[in-house]
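Following the numbering used here, the numbering of the sequence shown begins with 2 at its first residue and continues without gaps.
Glycine included, C-beta positions come from ideal geometry on N, C-alpha and C.
Quick caveat, the model's predicted, so the values are computed rather than measured.
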Amino acid sequence: RNKLAFKIDHELPPTNQEHDDTVDLTCIESDLQQYLHLVDGLNDVRATLPRQNTPFQTWTWKHACLNQPTDPTEPYSLEFYLDTERGMVVFAMACVCALQAEQRSSVPPLDDDTSSSSTTVKDTWRRAAGLFHEATARLPPSSPLHPFLHIWVQLCVVHAHAVEMHHVQAGLDTTSHVQIARYESALSRGGHSACVAAQSFVAHMSSPTSTTTCQQMRWLVLVYKTLCKASYCMSEVVLYESKHPDIALLFCDAVIKSKLPMPPQYPHRACVYFTKLMQTLVAAHHDSVAHAMDIKSTLQGTAKSVSWTHALRPDIPTIRRQHGQLPHYFALFKSHQQWDHLLSISILTRRLLAESE
2 RNKLAFKIDH
12 ELPPTNQEHD
22 DTVDLTCIES
32 DLQQYLHLVD
42 GLNDVRATLP
52 RQNTPFQTWT
62 WKHACLNQPT
72 DPTEPYSLEF
82 YLDTERGMVV
92 FAMACVCALQ
102 AEQRSSVPPL
112 DDDTSSSSTT
122 VKDTWRRAAG
132 LFHEATARLP
142 PSSPLHPFLH
152 IWVQLCVVHA
162 HAVEMHHVQA
172 GLDTTSHVQI
182 ARYESALSRG
192 GHSACVAAQS
202 FVAHMSSPTS
212 TTTCQQMRWL
222 VLVYKTLCKA
232 SYCMSEVVLY
242 ESKHPDIALL
252 FCDAVIKSKL
262 PMPPQYPHRA
272 CVYFTKLMQT
282 LVAAHHDSVA
292 HAMDIKSTLQ
302 GTAKSVSWTH
312 ALRPDIPTIR
322 RQHGQLPHYF
332 ALFKSHQQWD
342 HLLSISILTR
352 RLLAESE
């Protein structure tokens, strides 16, 4: 355990430095796996001990546990210590796996190895998500880390979708723009759903030492959610700009009107890597808005002006007369948020156009 702590402290760069992609994480991952087998073996031994309070079971494990028990006079049980230790080891393995995914993403693949490299990075992100989820199952329910772990699970899923989207965009020469836009639209909706799931745990985050991590995690979730919305809208623009430019304009306006949350307050010198990440995400949002404005200026000459009120509240009787009774379509309009309306309009329009053809 001490060897692992020493290796992690000395081989991984601190937060006040930029990410070092040259660090070999294989040895750390292997040592964590061996230590996990050791702790699992201790847990198997504990399960064979008699239930009565033996000196071994009532030993105070205060030096190795994270959070305080409900009763300060109550000693830490061996079961609580082992559950916490196993969960923390899996948590560390998940972080190492996520770092490996970042390292592999930063290495440019060979021309003939793009597909396999993309699959490897995507699978690594999904494996990291699985390890974060396993850590939530192993840690005691009273651990304050649960909200963070659930958020990291969803953020790893978002990164896996982003890798897949980048791989799809690389195949522009062999795939039509419409097919790519449809696939990107589905990936963006999946990423947005993951961000919504992560956002449900943001309010439950708490840090006894500092609120910096909580603020940074909250900002990341909201920014990724905004970027997923923008990616979805721009995919819909590609699908509608040729035959229905008026609908494409609505999606352009949605991207242009999107805003990022206020950046968190934190000591920038102590969090150099987060500052770099924040600048990258802000630049990506600015690029999306600029791209949407360029497309809007092109489409405005060919599309009729459509108001938001008319688009978000369609003439239901007219649609019913033209396309019959479609009650399952109109159930999509229950939400009153702009994003849900846009998503509903897109799905409804696609189905109506498909039936009319």
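Secondary structure of residue i, DSSP reduced to three states
i    : result
K260 : coil
G191 : helix
S144 : coil
F133 : helix
D84  : helix
P268 : coil
R139 : helix
M279 : helix
D247 : helix
R47  : helix
Q35  : helix
F149 : helix
Q301 : coil
D25  : coil
M166 : helix
L13  : coil
T214 : helix
M206 : coil
A93  : helix
R128 : helix
E242 : coil
S118 : helix
S177 : coil
R105 : helix
R219 : helix
A199 : helix
R2   : coil
A171 : coil
A312 : Note that A312 scores a pLDDT of 47, beneath 50, so its modelled location is shaky; the value from the coordinates is reported in the next line. Helix, per DSSP.
Residue burial classification, residue i (beta-carbon count within 10 angstroms, cutoff 16)
i    : result
C28  : exposed
P148 : buried
K244 : exposed
T303 : exposed
D84  : buried
A99  : buried
F92  : buried
L50  : exposed
A291 : exposed
P142 : exposed
S289 : buried
S1   : Residue numbering for the chain in the displayed model covers 2 to 358; residue 1 lies beyond these limits and cannot be assessed.
A284 : exposed
Beta carbon of residue i nearer than 8 Å to that of residue j
i    : j    : result
Y267 : T213 : yes
L300 : L240 : no
V40  : V90  : yes
H162 : G131 : no
P145 : S207 : yes
L5   : L33  : yes
V122 : R139 : no
S194 : E237 : no
A95  : A136 : yes
V222 : I152 : yes
A293 : I257 : yes
Y233 : S189 : yes
H167 : V154 : no
V97  : E30  : yes
C229 : K297 : no
H286 : A231 : yes
L26  : Q101 : yes
L37  : R2   : no
P262 : M279 : no
Minimum Cβ-Cβ distance from residue i to chain C less than 8 Å
i    : result
L240 : Chain labels in this structure do not include chain C; a single protein chain is all it has.
beta-carbon residue i near the ligand SAM non-hydrogen atom, thresh 7 Å
i   : result
C28 : Judged by which ligands are present, the structure shown has none, so any question about the ligand SAM falls away.
Counting Cβ pairs, one atom from each stretch, are 3 or more of them under 8 Å apart for the stretch 154–164 and the stretch 127–144?
yes
Examine the Cβ distances between the stretch 177–187 and the stretch 213–222 and report whether three or more of them are shorter than 8 Å.
no
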